[in-house]
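Engineer: Below you'll find the structure I mean.
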Amino acid sequence: MAAVKDPLRLLVELLQKVPGMGEKSATRMAYHFMKAPAQEVLGLAEALRRLKAEMRECEECCDVSFRSPCETCANPKRDPAVICVVADSSHIKPLERSGAYAGVYHVLHGTLSPMENVGPEQLRIAPLLRRIEGRPVCEVILAINPTMEGETTMLYLMDLLKDRGLRVTKLPVGLALGSDIEYTDHETLGKALRDRVQVSSRAT
Amino acid sequence: MKSIATEAVVLRRTPFGESDLLVGLFTRDLGVLTTIAKGARRSRKRFGGILDTLARLNVLIETRRANAIPLLAGASLVDFGLGLRSSLDRVAIAYYMGELVWRGTKPGVRLIELYEAFVQALDRVASDGPMPRTLAEFLLRYQQALGYRPKLDACALCHAPLAVAAEVAISYRAGGVLCPACVPSAEVNLRLPGRAVRSLVEIRAQGDRRPTDHALEDWSAAADWPALRHFLHRFTQYHLDVQPASWRWWQRLIDA
Ligand SMILES: [Zn+2]
Ligand SMILES: [Zn+2]
Chain A
1 MAAVKDPLRL LVELLQKVPG MGEKSATRMA YHFMKAPAQE VLGLAEALRR LKAEMRECEE
61 CCDVSFRSPC ETCANPKRDP AVICVVADSS HIKPLERSGA YAGVYHVLHG TLSPMENVGP
121 EQLRIAPLLR RIEGRPVCEV ILAINPTMEG ETTMLYLMDL LKDRGLRVTK LPVGLALGSD
181 IEYTDHETLG KALRDRVQVS SRAT
Chain B
1 MKSIATEAVV LRRTPFGESD LLVGLFTRDL GVLTTIAKGA RRSRKRFGGI LDTLARLNVL
61 IETRRANAIP LLAGASLVDF GLGLRSSLDR VAIAYYMGEL VWRGTKPGVR LIELYEAFVQ
121 ALDRVASDGP MPRTLAEFLL RYQQALGYRP KLDACALCHA PLAVAAEVAI SYRAGGVLCP
181 ACVPSAEVNL RLPGRAVRSL VEIRAQGDRR PTDHALEDWS AAADWPALRH FLHRFTQYHL
241 DVQPASWRWW QRLIDA
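So the sequence lines, in the order shown, correspond to chains A and B. Counting in my numbering, the first sequence runs without a single skipped number right up to 204 at its last residue. Counting in my numbering, the second sequence runs without a single skipped number right up to 256 at its last residue.
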C-alpha cells in the first residue's frame with residue numbers, strides 16, 4: 001500500500017510548482033493556511049476547483065476568461081478593428097494601465113522557441129488569422145517582449161501578416177522612463193537613436 | 001571561492017526559484033556552463049535586459065562549493081546580436097548552432113577554437129553574411145573540435161585518394177567518403193555531387209582565413225546547398241545522442 005503523504009508536506013510540494021515559488025515561500029504559505037479559518041481555506045479550495053471547471057479561453061482573443069467572448073471582446077466601446085497581440089495574458093493588465101489603448105487583444109500563450117521546439121502550432125496563431133480573415137481589421141500591434149524569442153515571434157507574425165492590406169506595428173525599443181543614459185546598454189541606445197522621433201521641424 | 005572573468009554567449013535561460021535565472025552559457029574559457037543569476041528576474045539593476053539568448057557578454061563567474069551552481073556575479077554587453085533579428089532564417093541558423101554547442105559539448109570543458117568559430121559564425125549571420133557558407137564552415141569546425149571530422153579527400157576505409165567523380169558515396173559509420181572499390185562493403189548513407197564534396201574540402205583548407213566575397217557568391221549560388229546541409233547535419237547528428245529541436249523547427253520553416 002502506498003504511504004499516505006502528510007498533507008502539509010504535500011501542499012508545500014504542490015505550491016512549489018507555482019512559477020517563482022521557492023521552498024521557503026511555499027512553506028510560509030502552507031503554515032498560513034494551516035492557521036487560517038477553515039472557511040477561508042475551503043473558499044480557496046472551491047475557487048481553485050471553479051477555476052479549473054469554469055475558466056476557458058475566449059473564442060475571440062484566446063485570453064483566459066469566465067465568459068466567452070470575454071469582457072474586453074464583448075465591450076462595445078472597444079475597437080475590434082485594432083488588435084494588440086501579446087505573448088501572455090499577464091501582459092494585458094500593464095497595457096490596460098497605460099490607458100493608451102482602446103482596441104482588443106489577442107493572446108498567443110507563449111513565444112516561438114526553436115530550442116524548446118515551440119513552433120507556430122503551439123501558439124494561438126491560427127485563431128489570430130481566422131479573426132483577421134473573419135472581419136475587417138485595420139491594424140495589428142505586436143506588443144511582445146523584445147527578447148530573442150519575442151523578436152523571433154514578431155518576425156514570424158510580420159511575415160504571416162504582410163500583403164493582407166492591414167497596418168502591422170510593433171512597440172519601439174528605447175529608453176525606459178526614469179532610466180539613465182549612463183547605465184543603458186549601448187545596443188538599446190543605438191536602437192533608440194535610430195528610431196528617434198522628430199519633435200520640431202527646422203525653421204525655414 | 002574562485003572568480004573567472006571570460007567572454008560568453010547566452011544559450012539558455014530558465015527561471016529558477018523566486019527571482020533567479022539559470023543562464024546557460026558557452027564561455028570562452030570554461031566551455032558550456034549553467035550559471036545562476038541571483039535576483040535577475042526581480043530587479044533589472046544588475047543585469048538590465050542583457051541576459052538574452054544569443055547575446056555576447058563579458059561575464060564574471062564565481063565558482064563556490066563543489067556541486068553548487070556557479071554564480072554569474074556580473075555581466076556587461078559585448079554584442080546583442082541585433083542583426084540576427086532581421087530574418088527568421090538568421091534566427092533559426094543561430095539557434096541551431098547554439099543548440100549544437102549546448103547539447104554536443106561537455107560542461108566545463110574549454111573549447112576555445114569552437115568558441116571562436118561560434119562567435120565568428122554568429123557575427124557573419126548577424127551581418128548579412130552568406131548563410132549557407134557560414135553554416136557549412138561552422139559545422140565543419142564544430143565536427144573538428146569534437147573529434148568527428150569527416151574524411152572528405154580520401155576514402156574513409158582504404159585511404160585511397162579520391163578521384164574526381166560526378167558523384168561520391170558517403171558512409172557516416174565509415175566516417176566520410178568512400179572510393180568506388182569500398183562502396184559494396186560499406187553502408188552508404190547518401191551520395192553527394194563530387195563538386196559539392198570538393199567545395200567542402202576547399203572550405204576546410206581555408207580554415208580561419210576569411211574567403212573573398214567572390215568565393216562566397218560562387219559558393220552560395222551553388223545548387224548543392226540543400227544536399228550539403230543535409231549531409232553536414234546528418235553526419236553531426238550521427239555523433240550526437242539527441243536530435244536538435246531547432247533543426248526540426250528550421251526545417252518546418254523551410255518547408256512552409
Ligand atoms: Zn476576448
Ligand atoms: Zn576505399
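Even for Gly, the Cβ is constructed at its ideal location relative to N, Cα and C. The structure presented is a predicted model; accordingly, all values stated were derived computationally and were not measured.
If we ignore side chains and look at the alpha-carbon of each, how far apart do residue 190 of chain B and residue 234 of chain B end up?
Structural biologist: Position 190 of the second sequence holds residue 190 of chain B. Position 234 of the second sequence holds residue 234 of chain B. Spanning the two alpha carbons is a distance of roughly 10 Å.
Engineer: Is the shortest distance between the beta-carbon of residue 172 of chain A and the beta-carbons of chain B less than 8 Å?
Structural biologist: To locate residue 172 of chain A, count along the first sequence from 1; it is residue 172. At least 8 Å separates the CB of residue 172 of chain A from every CB of chain B.
Engineer: Does any residue of chain B have a CB that is nearer than 8 Å to the CB of residue 147 of chain A?
Structural biologist: Here residue 147 of chain A corresponds to residue number 147 of the first sequence, with the count starting at 1. Yes, residue 147 of chain A lies at the interface with chain B (some Cβ there is under 8 Å from its Cβ).
Engineer: Output the distance between the C-alpha atoms of residue 12 of chain B and residue 24 of chain B, rounded to the nearest integer angstrom.
Structural biologist: Within the second sequence, residue 12 of chain B is the residue found at index 12, counting from 1. Within the second sequence, residue 24 of chain B is the residue found at index 24, counting from 1. So the alpha carbons of these two residues sit roughly 4 Å apart.
Engineer: For residue 123 of chain A, does the three-state DSSP call read helix, strand or coil?
Structural biologist: What you label residue 123 of chain A is simply residue 123 of the first sequence in a count that begins at 1. Residue 123 of chain A falls in the coil class under three-state DSSP.
Engineer: Closer than 8 Å, Cβ to any Cβ of chain A: which residues of the stretch 12-34 of chain B, in chain order?
Structural biologist: Cβ contacts with chain A come from 12, 15, 17, 18 and 19.
Engineer: Ligand 1 and residue 89 of chain A: does the residue's C-beta get closer than 7 Å to at least one heavy atom of that ligand?
Structural biologist: Here residue 89 of chain A refers to the residue found at position 89 of the first sequence. No, the beta carbon of residue 89 of chain A sits no closer than 7 Å to any heavy atom of ligand 1.
Engineer: Using only alpha-carbon positions, find the residue among B:87, B:196, B:155 and B:74 that is nearest to residue 4 of chain B.
Structural biologist: Here residue 4 of chain B is taken as the residue at index 4 of the second sequence, counted from 1. It is B:74 whose Cα lies nearest to the Cα of residue 4 of chain B.
Engineer: State the Cα-Cα distance for the pair residue 134 of chain A and residue 160 of chain A, rounded to the nearest angstrom.
Structural biologist: For this step, residue 134 of chain A is matched to residue 134 along the first sequence. For this step, residue 160 of chain A is matched to residue 160 along the first sequence. The alpha-carbon atoms of residue 134 of chain A and residue 160 of chain A are separated by roughly 16 Å.
Engineer: Measuring straight from C-alpha to C-alpha, what distance separates residue 115 of chain B and residue 31 of chain B?
Structural biologist: Mapped onto the second sequence, residue 115 of chain B falls at position 115. Mapped onto the second sequence, residue 31 of chain B falls at position 31. Cα-Cα distance, rounded: 8 Å.
Engineer: For chain B, check one thing: does any of its Cβ atoms lie closer than 8 Å to the Cβ of residue 119 of chain A?
Structural biologist: Numbered from its first residue, the first sequence carries residue 119 of chain A at position 119. At least one chain B Cβ lies under 8 Å of residue 119 of chain A.
Engineer: Mind listing the chain A neighbours of residue 250 of chain B? Cutoff is C-beta to C-beta under 8 Å, in chain order.
Structural biologist: On the second sequence, position 250 is the one that residue 250 of chain B refers to. Identification of chain A residues near residue 250 of chain B by a Cβ-Cβ cut-off of 8 Å yields 114, ordered along the chain.
Engineer: So, is the C-beta of residue 208 of chain A closer than 8 Å to a C-beta in chain B?
Structural biologist: Look at the range of chain A in this structure, 1 to 204, and you will see that residue 208 of chain A is not part of it.
Engineer: For residue 109 of chain B, tell me which candidate among B:29, B:196 and B:192 has the shortest Cα-Cα distance.
Structural biologist: Within the second sequence, the letter at position 109 stands for residue 109 of chain B. Among B:29, B:196 and B:192, the Cα nearest to that of residue 109 of chain B is on B:29.
Engineer: So, do the stretch 71-88 of chain A and the stretch 132-148 of chain A have three or more beta carbon pairs nearer to each other than 8 Å?
Structural biologist: yes
Engineer: If you drop the 5 nearest sequence neighbours on each side, which residues of the same chain put their C-beta closer than 6 Å to that of residue 19 of chain B?
Structural biologist: Counted from its first residue, the second sequence places residue 19 of chain B at position 19. The residues are 39, 41 and 42.
Engineer: Distance check for residue 229 of chain B and residue 136 of chain B, CA to CA, integer angstroms please.
Structural biologist: Numbered from 1 along the second sequence, position 136 holds the residue referred to as residue 136 of chain B. Numbered from 1 along the second sequence, position 229 holds the residue referred to as residue 229 of chain B. Those two C-alpha atoms are separated by around 7 Å.
Engineer: Find the residues of chain B that neighbour residue 19 of chain A, judging by a C-beta separation of less than 9 Å, and give them in chain order.
Structural biologist: The residue you call residue 19 of chain A lines up with position 19 of the first sequence. Ordered by position in chain B, the residues that pass the 9 Å Cβ test against residue 19 of chain A are 15.
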